[in-house]
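Here the structure is laid out as structure tokens; the discussion comes afterwards.
2 protein chains.
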Amino acid sequence: MAQVQTRMTRQRAVILEELRKTKTHPTADELYSIVRERLPRISLGTVYRNLDFLADSGEIRRLEAAGSTKRFDGDISRHQHVRCVHCGRIGDVMTPREAPSVDGMDVEGFASVLNSRIEYDGICQDCAGRVRSTSH
Amino acid sequence: MAQVQTRMTRQRAVILEELRKTKTHPTADELYSIVRERLPRISLGTVYRNLDFLADSGEIRRLEAAGSTKRFDGDISRHQHVRCVHCGRIGDVMTPREAPSVDGMDVEGFASVLNSRIEYDGICQDCAGRVRSTSH
DNA sequence: CTGCCTGCAAACTGTTTGCACCAGG
DNA sequence: CCTGGTGCAAACAGTTTGCAGGCAG
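Residue numbers (numbering that gives the first Met the number 0), protein chains in the order written: chain A, 0 to 135; chain B, 0 to 135.
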């Protein structure tokens with residue numbers, strides 16, 4: 000169950016460092032272009048592999064958010080997210096409400112309920128501006 | 000802004016009917032194979048187009064759930080979902096907790112917060128059985 | 001040295017779209 | 001009829017993976 004071995008390659012280190020530095024909850028692609036400025040020859044596959052690795056080992060968080068593209072967060076402290084319904088961008092909620100307990104919850108067809116989470120939908124400032132100018 | 004015109008084709012009717020009949024919150028693909036039993040020549044593209052259409056016109060609900068594959072719900076009443084962390088399957092929560100209000104919520108970078116929703120993670124019975132037998 | 005990790009490219013999955021024909025109202 | 005909807009296939013976007021060589025420890 001524990002990791003057999005871990006190699007801190009330059010790629011892995013830079014990915015982790017840049018993810019922790021940014022506050023934008025980037026997709027793998029976005030992080031790829033950020034990291035490429037420091038490691039021009041890194042491949043997208045490596046970014047994916049390391050994001051998976053880092054998420055599995057608990058150093059970063061895979062966001063369980065709606066939307067087609069996965070996003071990642073270098074901040075693993077417990078906090079909640081707003082997601083822009085137009086572009087999928089994610090922001091941090093500063094004053095989180097308590098998510099309800101799942102103790103004793105019983106759902107048909109489910110063996111167990113592990114935890115709950117509050118998700119917020121919103122409109123980010125960029126999209127708000129864009130909608131105002133576009134007829135939509 | 001209103002729909003210009005709407006044609007209730009056989010395909011659209013069957014898709015809507017089958018989606019309302021099932022309780023499994025199917026993906027487009029799953030619904031495709033259900034519908035194909037009645038309309039063997041229907042195309043997957045048509046299923047996607049109609050799911051989009053029906054969701055936009057409010058007759059069905061696109062589930063804003065985590066996971067890579069979109070799922071749809073023929074039940075548009077307000078209720079909450081548990082999602083299996085292994086297979087993505089979705090179940091209905093029978094006794095929903097109230098989702099917190101978003102009045103006056105302010106998030107940096109966001110113009111507005113529209114609504115909140117509680118999501119539950121769980122393990123469905125199928126996966127629970129499978130995990131027990133597999134070493135994982 | 002050893003074998004985990006990388007770059008590269010091809011493969012895959014889920015979804016969208018262009019086009020010519022079809023059929024609902 | 002007329003124009004939205006359909007089937008089909010090709011195109012896309014995001015992600016995963018096989019392979020040969022590279023580098024961390």
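Heads up, the beta-carbon is just placed ideally off N, CA and C, and yes, glycines get one too.
The model shown is predicted, which means the values in this text are computed figures rather than measured ones.
Reduced DSSP secondary structure (H/G/I, E/B, other) of residue i
{"i": "A:VAL106", "result": "coil"}
{"i": "A:ILE46", "result": "Looking at the sequence itself, residue 46 of chain A is Val, so the reference to Ile does not match. Of the three classes helix, strand and coil, the one that applies to A:VAL46 here is helix, per DSSP."}
{"i": "A:CYS83", "result": "strand"}
{"i": "B:LEU62", "result": "coil"}
{"i": "A:SER111", "result": "strand"}
{"i": "A:ARG9", "result": "helix"}
{"i": "B:GLY128", "result": "helix"}
{"i": "B:GLN4", "result": "coil"}
{"i": "A:ILE33", "result": "helix"}
{"i": "B:GLU118", "result": "strand"}
{"i": "B:ARG70", "result": "strand"}
{"i": "B:ILE14", "result": "helix"}
{"i": "B:LYS20", "result": "helix"}
{"i": "A:SER134", "result": "Residue confidence for A:SER134 is low, a pLDDT of 44 falling below 50, so the modelled location carries little weight; the figure read from the coordinates is stated next. Of the three classes helix, strand and coil, the one that applies to A:SER134 here is coil, per DSSP."}
Neighbouring residues, chain A, relative to residue i (Cβ below 7 Å)
{"i": "B:ALA65", "result": "GLU63, ALA64 and ALA65"}
{"i": "B:VAL81", "result": "VAL106, PHE109 and VAL112"}
Per-residue contacts from residue i into chain B (C-beta, under 7 Å)
{"i": "A:GLY90", "result": "VAL106, GLU107, GLY108 and PHE109"}
{"i": "A:ARG96", "result": "PRO99"}
Amino acids of chain A, ordered along the chain, whose beta-carbon sits closer than 8 Å to that of residue i
{"i": "B:VAL84", "result": "LEU113"}
{"i": "B:ALA127", "result": "ALA110 and SER111"}
Chain B contacts made by the region 104 to 123 of chain A, where a contact means CB separation under 7 Å: Of all residues in the region 104 to 123 of chain A, those with a C-beta nearer than 7 Å to a C-beta of chain B are VAL106, GLU107, GLY108, PHE109, ALA110, SER111, VAL112, LEU113, ASN114, SER115, ARG116, ILE117, GLU118, TYR119, ASP120, GLY121, ILE122 and CYS123, reading in chain order.
Where the region 22 to 55 of chain B meets chain A: residues whose CB sits under 7 Å from a CB there: The region 22 to 55 of chain B vs chain A, Cβ under 7 Å: nothing.
Sufficient close CB pairs (3 or more, under 8 Å) joining the region 41 to 52 of chain B to the region 75 to 94 of chain B: Between the region 41 to 52 of chain B and the region 75 to 94 of chain B, the count of Cβ pairs shorter than 8 Å is below three; the stretches do not touch.
The region 108 to 120 of chain A touching the region 114 to 133 of chain B, judged by at least three CB pairs closer than 8 Å: Contact holds: three or more Cβ-Cβ distances are below 8 Å.
Sufficient close CB pairs (3 or more, under 8 Å) joining the region 23 to 41 of chain A to the region 63 to 77 of chain A: Note that the region 23 to 41 of chain A touches the region 63 to 77 of chain A; at least 3 beta-carbon pairs, one per stretch, sit closer than 8 Å.
The region 91 to 102 of chain A / the region 38 to 45 of chain B touching (three or more Cβ pairs under 8 Å): Under the Cβ criterion (8 Å, minimum of three pairs), the region 91 to 102 of chain A does not count as touching the region 38 to 45 of chain B.
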